[in-house]
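Residue numbers (this note's numbering), protein chains in the order written: chain W, 18 to 247; chain B, 60 to 145.
Ideal Cβ positions, reconstructed from N, Cα and C, are used throughout, including at glycine.
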């Protein structure tokens, strides 16, 4: 989850997010190198007393500073396209969960075998128990099995919302009347937090998304328990 | 044919990838399977044949469609105001 004075991404919990993290590191390094070079050149230009009023052209450096940026752009584009196509792969999900956005809570439906669904409201600040996170924790989390491809179908009941979980690298708009599909695999067990990412009214900041990933056996126990209790 | 469908239904985990709907927008996938189920039922009942093969469409639309959409469409079918052709 996010922590105070955080600068980088949250730890990745899915393979796609890991790829995005590494790509970001790679691209940011290139950006830092270019910026450092340009800053150095500016400083050097500004602090020298040497002048040359008679430069007309220079074929060699023109070639270098045309080819080198082109090469750098290719070095950025290739990993980027690789990840783009990776995210677009046909996947064969083991489970489908529907996330419906309402004003101002999410509801989750697991209807592959039974008609099972529940609402997920934020825990109000005055009702937090010790150890819970303010504005992030919910009463019922969306539970899924680890290391299983999961398809999430996202829609909304009233206005636009957006279902986002940064550590899984997912953000998808919830549009009324439309079913948006995204898929992911959670690599490790844990609880992953996100927040509604499309302005949706007064309590837009107070409808978080919480995904809990547990091993398949425990997931099966959880779903049996939830079915019995509902 | 019927045995193949029965076998597929027994091994059913969730709606499989459908090449007719390869992209992000799965609205039509849900709609098509819902409509196809009721069309299949109507056609097979008219011919006096077992409607078990239609179950596949039902499992798929139940996996994909939000429960509220299914309830609304079921009500519309009963009222005769369902927008699809069945």
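- Rounded to the nearest whole angstrom, the C-alpha separation of residue 125 (chain B) and residue 178 (chain W) is 16 Å.
- Only residues of its own chain outside the window of five on either side were considered, and among them 143, 145 have a CB closer than 7 Å to the CB of residue 94 (chain B), listed in chain order.
- The straight-line gap separating the alpha-carbon atoms of residue 28 (chain W) and residue 124 (chain W) is approximately 26 Å.
- Between the C-alpha atoms of residue 235 (chain W) and residue 209 (chain W) there is a straight-line separation of about 17 Å.
- Under the 10 Å beta carbon count, residue 87 (chain B) is surrounded by fewer than 16 other beta carbons and is classified as exposed.
- In this structure, DSSP gives residue 127 (chain W) an extended state, which the three-state scheme calls strand.
- Judged by beta-carbon spacing, residue 152 (chain W) lies beyond the 8 Å limit of residue 172 (chain W), meaning their Cβ atoms are not closer than that value.
- For residue 107 (chain W), a Cβ of chain B is located within less than 8 Å of the residue's own Cβ.
- In terms of Cα proximity to residue 128 (chain B), the closest of W:115, W:96, W:71 is W:115.
- Residue W:113 holds the alpha-carbon nearest to the alpha-carbon of residue 162 (chain W) among W:113, W:80, W:145.
- The Cβ neighbour count for residue 97 (chain B), taken over all protein chains shown within 10 Å, is at least 16; the residue is labelled buried.
- Taking the CA atoms as reference points, residue 114 (chain B) sits about 56 Å from residue 88 (chain W).
- If only uninterrupted alpha helix (DSSP H) runs of at least 4 residues are considered, those enclosed by the stretch 87 to 130 of chain B are 114 to 123.
- Contact check for residue 34 (chain W) against residue 165 (chain W) fails: the beta carbons are separated by 8 Å or more.
- Note on residue 102 (chain W): under 16 other CB atoms within 10 angstroms of its CB, so exposed under the neighbour-count rule.
- The three-state secondary structure of residue 238 (chain W), taken from DSSP, is helix.
- Chain W places a beta carbon closer than 8 Å to that of residue 122 (chain B), counting this residue as a contact.
- Cβ contact annotation for residue 189 (chain W) (same chain, cutoff 6 Å, sequence separation greater than five): 171, 180, 197, 199, in chain order.
- Taking CB atoms only, residue 141 (chain B) has no neighbour in chain W less than 8 Å away.
- Within a 10 Å sphere around the beta-carbon of residue 220 (chain W) sit fewer than 16 other beta-carbons, which makes this residue exposed.
- Straight-line measurement puts the Cα of residue 37 (chain W) at about 13 Å from the Cα of residue 94 (chain W).
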